[in-house]
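Asker:
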Amino acid sequence: MNNNYKQFNEQQRYLLPLLTNTLDRSKPVVLAGHSTGASISLMLAEELLKHNFIIQEWVGFGCPRMYKGQQYWQGFPLTSYQYGNDIVPLQLPFKWLFQQPVKLTKVGCGYNIRPNWGDHRLENYVNVMN
655 MNNNYKQFNE
665 QQRYLLPLLT
675 NTLDRSKPVV
685 LAGHSTGASI
695 SLMLAEELLK
705 HNFIIQEWVG
715 FGCPRMYKGQ
725 QYWQGFPLTS
735 YQYGNDIVPL
745 QLPFKWLFQQ
755 PVKLTKVGCG
765 YNIRPNWGDH
775 RLENYVNVMN
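In our numbering, the protein residues as written are 655 to 784.
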């Protein structure tokens with residue numbers, strides 16, 4: 655497993671008990687995140703679903719590709735945004751093993767015609783969503 659995903663798993667395992675002990679299972683949960691936070695929030699959504707929480711929606715902003723073996727992606731609505739030519743949703747090795755959880759929704763015009771880090775800034779996503 656890619657080292658980044660190992661770290662994502664560790665962070666998800668740390669956060670899961672905090673959420674399961676805090677959230678009300680009878681109330682719908684919306685999870686969202688940017689970049690690494692998008693990956694971790696998606697993993698948390700999958701785990702919360704397994705623990706009988708109601709996942710209303712997951713929203714990702716500049717989310718990296720995720721492992722293709724995930725089976726719970728169909729259990730709740732997902733939206734994944736890519737600002738301009740944000741490089742993060744496009745990178746990571748082994749393209750055949752990793753994919754976006756859903757088709758990317760492109761927003762904003764970006765700063766460059768090539769994939770770049772400038773388009774990955776959180777404020778780009780915030781500004782285009784307002």
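Built from N, CA and C at the ideal position, the CB exists for glycine as well. Given the structure is predicted, the values throughout are model-derived calculations rather than measurements.
Would HIS774 be called buried (16 or more neighbouring beta carbons within 10 Å of its own) or exposed?
Answerer: Walking along the sequence shown from the start, residue 774 turns up at place 120. Buried, since its Cβ has 16 or more Cβ neighbours within 10 Å.
Asker: Quick check on PRO718: buried or exposed, where buried means 16 or more other Cβ atoms within 10 Å of its Cβ?
Answerer: For this step, residue 718 is matched to residue 64 along the sequence shown. Under this definition PRO718 is a buried residue.
Asker: Tell me GLY714's beta-bridge partners as DSSP assigns them.
Answerer: Working through the sequence shown from its first residue, we reach residue 714 at position 60. For GLY714, which the question treats as bridged, DSSP gives the partners GLY687 and SER734.
Asker: Answer yes if the region 756-773 comes into contact with the region 729-739, meaning at least three C-beta pairs across the two stretches below 8 Å, and no otherwise.
Answerer: The region 729-739 is in contact with the region 756-773.
Asker: In or out: LEU696 buried (at least 16 other Cβ within 10 Å) or exposed?
Answerer: Counted from its first residue, the sequence shown places residue 696 at position 42. Counting Cβ neighbours within 10 Å, LEU696 comes out buried, since at least 16 surround it.
Asker: Measuring straight from C-alpha to C-alpha, what distance separates MET655 and LYS760?
Answerer: The residue labelled residue 655 in the question sits at position 1 within the sequence shown. The residue labelled residue 760 in the question sits at position 106 within the sequence shown. Residue confidence for MET655 is low, a pLDDT of 45 falling below 50, so the modelled location carries little weight; the figure read from the coordinates is stated next. If you take the alpha carbons of MET655 and LYS760, they lie about 28 Å apart.
Asker: Considering Cα atoms alone, identify which of HIS705, LEU698, GLN665 and ILE741 is closest to LEU685.
Answerer: The sequence position of residue 685 within the sequence shown is 31, counting from 1. Here the closest residue by C-alpha is LEU698.
Asker: Determine the direct distance from the alpha carbon of GLY762 to that of SER693, and round the result to whole angstroms.
Answerer: In the sequence shown, residue 693 corresponds to position 39, counting from 1. In the sequence shown, residue 762 corresponds to position 108, counting from 1. Answer to the nearest angstrom: the Cα atoms are 21 Å apart.
Asker: Name the two residues that bound the continuous alpha helix (DSSP H) containing LEU776.
Answerer: Locating residue 776 in the sequence shown gives position 122, where the first residue counts as 1. That run of the alpha helix (DSSP H) goes 776-783.
Asker: Could you check if ASN739 is buried or exposed, using at least 16 other CB atoms within 10 Å of its CB as the buried criterion?
Answerer: By one-based count along the sequence shown, residue 739 stands at place 85. Flag for ASN739 reads buried.
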